[in-house]
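Following: one structure in structure tokens, then a few remarks.
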Amino acid sequence: MDLGIFEDILDIKKTEKIKETIQKIQEVEPKEIDISKIKSPKFHDRSYVSPERIVALAENIKEYGLAQPIVVRKLEDGSYERIIGYIRIKAFEYLKRDKIPAVVLDVDEETALALMISENAQREDLNDYDKLMSHLDYLSFILKKDRDDVIKTARKIFNYISGNIKELTPEERREGQIIEKTLQNLSGTNLRTFIERLKIINVAPQIKDAIKKHGWSYSLAIEVNKLRNYPEKMEQLIKQIIKYDLSKKEVEAKVREILGEEAKKRIKNPFKETFKDLNRKVSSVYKKLPEEEKKKVEKMIEEKLNQIYKILEKYG
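Take 12 as the starting number for the sequence shown in my numbering and just add one per residue.
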């Protein structure tokens with residue numbers, strides 16, 4: 012477990028406390044605890060693990076035993092909160108075992124969360140959705156903000172870097188430096204990539220499910236999400252991708268084809284550009300008019316608009 016992701020971010024006392032806890036994990040004798048008493052943590056862990064992987068681990072445990080115990084912390088009500096060992100617990104449940112060897116720690120929530128983050132943030136086998144959420148939770152932990160506030164802060168800082176806003180508070184500047192540093196430590200990425208990948212949160216539920224279950228990449232998910240307004244077509248394409256293992260290029264071609272077909276079906280508004288141009292001219296002229304002239308122009312335009320509405324109502 013590498014604590015490098017916390018360097019220069021957490022204060023020295025907290026970092027030392029986490030290091031001491033990691034040392035305890037190596038030294039504490041594991042004991043058998045009831046699986047039914049283990050609770051999931053608040054921190055985002057894995058949203059999906061393939062049944063095949065769970066079965067494979069279960070068979071290995073059945074033959075060779077558990078190589079490493081899970082890690083939990085004791086709660087006041089006598090139950091336990093899982094820190095490390097989600098797949099191992101699932102494997103034991105598959106084997107219909109009631110108990111599992113565990114290292115039981117007496118640590119506070121902040122230390123437990125730091126351990127979970129350091130474990131999750133560096134996993135290579137997380138899908139793109141889980142990876143993003145683990146990064147979000149990591150930033151939430153460091154900045155002491157909930158996920159939504161972390162996203163708002165990150166977007167504001169990115170808008171400042173992009174020149175869309177002129178000022179940041181000293182605190183926002185400090186948070187910006189922390190965000191950039193932590194993203195670099197976590198995965199070698201930057202704020203621009205993080206903001207771009209936040210789009211995963213808002214993709215269609217079926218696509219999010221495909222990311223989790225089939226390991227779809229961010230770019231593939233965003234491409235298929237272009238069909239969100241055509242749910243039947245999108246559902247058909249999702250099934251094709253899974254069945255035939257379509258490449259990104261093949262998917263892009265199919266999306267272009269579907270969008271082209273749907274565009275042809277749309278009813279074109281012959282006055283669309285005219286109304287856009289009219290709106291620009293009204294805005295340009297109106298702000299230059301003296302107050303007494305504005306009322307006259309408003310009255311004339313309203314009369315013409317009423318005539319247009321009457322025409323549309325006749326056929327609508």
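The beta-carbon is built from N, C-alpha and C at its ideal position, and this holds for glycine as well.
Item, Value
"Beta-carbon proximity of ILE111 to VAL82, cut-off 8 Å", "no"
"Status (buried if at least 16 other CB within 10 Å, exposed otherwise) for TYR297", "exposed"
"Backbone secondary structure at TYR91 - three-state DSSP", "strand"
"VAL115, DSSP secondary structure in three states", "strand"
"LYS329: first and last residue of the uninterrupted beta strand (DSSP E) it sits in", "Since the first residue of the chain shown is 12 and the last is 327, residue 329 is not available in this structure."
"Euclidean distance between Cα positions of ILE46 and ASP119", "21 Å"
"Rounded distance between the beta-carbons of GLU130 and ILE95, thought under 8 Å", "5 Å"
"Cβ pair ALA102, LYS42 closer than 8 Å", "no"
"Bridge partners - VAL262, DSSP secondary structure assignment", "None, per the DSSP bridge assignment."
"Sequence ranges, alpha helix (DSSP H) only - wholly within the segment 281-311, length at least 4", "283-297"
"SER90 to LYS244 span [Cα, whole Å]", "47 Å"
"Proximity of LEU209 and GLU191 at Cβ, strictly below 8 Å", "no"
"Three-state secondary structure (DSSP) of ASP159", "helix"
"GLU87 beta carbon less than 8 Å from that of LYS50", "no"
"Where ASP45 falls: helix, strand or coil (DSSP)", "strand"
"Local Cβ density within 10 Å of ASN354, reported as buried at 16 or more and exposed below that", "Missing from the structure shown is residue 354; the chain here goes from 12 to 327 and no further."
"Residue closest to LYS250, alpha-carbon to alpha-carbon, out of GLN217, GLY76, LEU137, ALA125", "GLN217"
"Cα-Cα separation between LYS107 and VAL60, rounded to whole angstroms", "18 Å"
"Closest residue to ILE252 among LEU270, SER228, ALA274 (Cα-Cα distance)", "SER228"
"GLU263 versus LEU154: straight-line alpha-carbon distance, rounded", "38 Å"
"Distance, GLN247 Cα to LEU257 Cα", "13 Å"
"Contacts around ALA123, its chain only, beta-carbon distance under 8 Å, and the 5 residues preceding and following it disregarded", "PRO52, ARG84, GLU92, ILE94, LEU116"
"Beta-ladder partner(s) of ILE81, from DSSP", "ALA113"
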